[in-house]
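Position in the sequence shown counted from 1, then plus 121, gives you our numbering.
Each residue gets a CB set at the ideal place from its N, CA and C atoms; glycine is no exception.
All values reported here derive from a predicted model rather than from experimental measurement.
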Amino acid sequence: MTQQTPASPDNRFAAIAPLLEGQAIELPSWAFGNSGTRFKVFGSPGTPRSVQEKIADAATVHRFTGLAPSVALHIPWDLTDDWVALRAHAEEHGVALGTINSNTFQDDDYKLGALTHTDAKVRQKAIDHHFECIDVMDATGSRDLKIWLAEGSNYPGQADLRGRQDRLAESLATIYDRIGAEQRLGLEYKFFEPAFYHTDVPDWGTSYAQVAALGERAVVCLDTGHHAPGTNIEFIVMQLLRLGKLGSFDFNSRFYADDDLIVGSADPFQLFRILFEVIRGGGYGPANPDGHSDVAFMLDQCHNIEEKIPGQIRSVLNVQEMTARALLVDREALRAAQEAGDVLGAHEVFMDAFSTDVRPDLAAWREERGLPANPMRAYAESGHQQQIESSRVGGTQLSWN
Ligand code: PSV
Ligand code: MN
122 MTQQTPASPD NRFAAIAPLL EGQAIELPSW AFGNSGTRFK VFGSPGTPRS VQEKIADAAT
182 VHRFTGLAPS VALHIPWDLT DDWVALRAHA EEHGVALGTI NSNTFQDDDY KLGALTHTDA
242 KVRQKAIDHH FECIDVMDAT GSRDLKIWLA EGSNYPGQAD LRGRQDRLAE SLATIYDRIG
302 AEQRLGLEYK FFEPAFYHTD VPDWGTSYAQ VAALGERAVV CLDTGHHAPG TNIEFIVMQL
362 LRLGKLGSFD FNSRFYADDD LIVGSADPFQ LFRILFEVIR GGGYGPANPD GHSDVAFMLD
422 QCHNIEEKIP GQIRSVLNVQ EMTARALLVD REALRAAQEA GDVLGAHEVF MDAFSTDVRP
482 DLAAWREERG LPANPMRAYA ESGHQQQIES SRVGGTQLSW N
């Protein structure tokens, strides 16, 4: 067994507290709109009727947590004719406009593919949509373009798998050529849905192969819900960081499919393991010498049956809590145990950090920064939910369709 002198939990927290400074988790605008399943989209009182109200809700999450300074937009769901005004609206509320998400999954022309379609006219239409997204990025000051493709096939023989991969490479290269020197293109993968036999970007390897061919500013987006059950996601995190291609996370939890539930709710230990690899691989912002990391932390979630603002507050708190626990891993002791071949000693060092209850320390940490010790309770007691429910009447509640 490795000999360890465990520091008191308090001292250990004090040592990692500065590393929690500046943690930023981007919220998806669509988390504040109505959503549901294939069977039903539920309406809920207080749901935004405009992109401005969505941004105000994201800003509320930031106000209660200090963790969510930016909001990702989805085009065309969040289109506006005045980006300067929208950017100013966000800034007035204390948040920035973040990642721009393209959408090639809600147009009849894309039924058989968009960037991979056999018809050059359809491919060009999808490429033009991405050009429009880049114009939006220029106006909002966004760094990242995120591409998730609903492309694939349902039946063996339906499509030329290789031809689609080649066309995808060509389309992506055309889009990549258009992004600015400070901008990035992120390609997200998903092994299932809505194409059930094959999808064109099913796994990190395919995403990596496609973005590696593009260049330095093309990166992989890892959505935690897009893996087969039992997949060792932290291994993928390690590998992508090792290859310098982990661009961003879409955090969420899944039970069966892409159900976009609250991150860390199903398996906090998995979130801890992922965050440990992020920190270990240099992907965690404040841990880097330059004070920020290139790995963007985003949520990709929807709240169908629970209240949306508290759903997002809970989510960012879960990420913060597991980040703190992952930072507590005594990496020197871990390395010593690993190198000594002390299997159970190394495991114990790892589990010791995971088992540390950091909630009281985090509450004190928040209070020191003028934030509520318990943001969930503070929101519930603030009356904000009742206020938006009674004031947001009339108009059309926003949703994904
Ligand atoms: C669909 O699976 C999806 O949830 C992807 O993960 C995208 O990131 C998101 O929609 C928004 O387009
Ligand atoms: Mn996603």
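| query | result |
| --- | --- |
| Which listed residue (502, 383, 269 and 332) has its alpha carbon closest to that of residue 101 | Residue 101 lies beyond the residue range present for the chain, which begins at 122 and ends at 522; the question has no answer from this structure. |
| Per-residue burial, residue 344 [other beta carbons within 10 Å of its own, 16 or more giving buried] | buried |
| Residue 275 burial status per 10 Å Cβ neighbour count (16 or more: buried) | exposed |
| Residue 345 (DSSP reduced to helix, strand or coil) | coil |
| Proximity below 7 Å, CB of residue 390 to CB of residue 420 | no |
| C-beta contact flag for residue 178 and residue 426 at 7 Å | no |
| Integer-rounded CB distance, given that residue 211 should sit under 8 Å from residue 192 | 7 Å |
| Collapsed DSSP secondary structure at residue 496 in the structure displayed | helix |
| Where residue 163 falls: helix, strand or coil (DSSP) | coil |
| Residue 395 versus residue 515 - alpha carbon distance | 43 Å |
| Every unbroken beta strand (DSSP E) within the segment 272 to 344, with a cutoff of 3 residues, ordered by chain | 305 to 309 and 339 to 344 |
| DSSP bridge partner residues for residue 157 (one or two, in chain order) | 162 |
| Pairwise C-alpha distance: residue 416 and residue 150 | 20 Å |
| Rounded distance between the beta-carbons of residue 174 and residue 513, thought under 8 Å | 7 Å |
| Three-state secondary structure (DSSP) of residue 192 | strand |
| Rounded separation between residue 351 and residue 388 - CA only | 12 Å |
| 4-residue-minimum alpha helix (DSSP H) runs that sit fully inside the segment 437 to 513, ordered along the chain | 452 to 460, 464 to 475, 480 to 489, 496 to 503 and 505 to 512 |
| Close-in-space but distant-in-sequence residues of the same chain around residue 336 (CB under 8 Å, 5 per side omitted) | 297 |
| Contact shell at 6 Å, judged by CB to any heavy atom of ligand 2, ordered along the chain | 269, 309, 344, 371 and 421 |
| CB contact flag (residue 324, residue 310, <7 Å) | yes |
| Distance between residue 241 and residue 184 (C-alpha atoms, nearest Å) | 47 Å |
| Straight-line gap, residue 143 to residue 187 (C-alpha atoms, nearest Å) | 9 Å |
| Assigned exposure category for residue 517 - 16 Cβ within 10 Å defines buried | exposed |
| Span separating the alpha-carbon of residue 301 from that of residue 346 | 30 Å |
| Collapsed DSSP secondary structure at residue 267 in the structure displayed | strand |
| For residue 358 and residue 303, believed in contact at Cβ under 8 Å, the rounded distance | At roughly 25 Å, the Cβ-Cβ gap does not stay under 8 Å, so residue 303 and residue 358 are not in contact. |
| Closer than 6 Å: residue 478 CB and nearest ligand 1 heavy atom | no |
| Exposure of residue 132, with buried meaning 16 or more beta-carbon neighbours within 10 Å | exposed |
| Meets three-Cβ-pair contact criterion under 8 Å: the segment 277 to 285 and the segment 252 to 268 | no |
| Inter-residue spacing [alpha-carbon to alpha-carbon] between residue 307 and residue 454 | 36 Å |
| Meets three-Cβ-pair contact criterion under 8 Å: the segment 227 to 243 and the segment 199 to 208 | no |
| Closer than 6 Å: residue 199 CB and nearest ligand 1 heavy atom | no |
| Candidates 401, 424 and 227, of which the one nearest residue 414 by Cα | 401 |
| For residue 418, the residue or residues it bridges with in DSSP | 146 and 370 |
| Span separating the alpha-carbon of residue 271 from that of residue 353 | 24 Å |
| Among 250, 374 and 235, the one whose alpha carbon lies nearest that of residue 316 | 235 |
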